[in-house]
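Report on the following structure.
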Amino acid sequence: MLHKTVFIALLALFAVSLTACGDHAGAEAKTASGVTETVSLNVENMTCATCPIAVRKALERVDGVQSAQVDFETKAATVTYDPQAATVSDLTEATTNAGYPSQRKE
């Protein structure tokens, strides 16, 4: 009986987390201005496969960032953000403060 109760509780928790993730993703897709821009950054100091996680998290903490993908092999980040809430300078400052200096790709 205990196993069934635990299973039902875990199933309910999983369902709640899926709903929360869905709501969160929908909120991220909307911006205050309704406009997004995408920028590519060259990122320095990434020396292992876990470094991109730290870079991505630093970028995602910047207000206005909708998404951030970081690639270890190319040492690059692609960031989609609301230009009325964030600037490229905000993005490069965030990565630099995390120990990974970056600059806009030309």
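Residue numbers for the sequence shown, in mature numbering (1 follows the signal peptide of the UniProt record, and there is no 0): -25 to -1, 1 to 81.
Ideal placement from N, C-alpha and C gives every residue a C-beta, glycine not left out.
Values in this document were obtained by computation on a predicted structure and should not be read as measured data.
Check, Outcome
"Alpha-carbon spacing of D57 relative to V40, whole angstroms", "6 Å"
"Residues that DSSP places opposite V40 in a beta bridge", "Y56"
"Proximity below 8 Å, CB of S77 to CB of A52", "yes"
"Whether V14 touches Y75 by CB criterion (8 Å)", "no"
"Supposed contact pair L66 and V37 - C-beta distance, whole angstroms, cut 8 Å", "6 Å"
"Nonlocal neighbours in the same chain, by C-beta distance under 6 Å from K50, ignoring five residues either side", "V18 and M21"
"Residue interval of the beta strand (DSSP E) (run including N17)", "E12 to V18"
"Short Cβ contact (8 Å threshold) for A33 with F47", "no"
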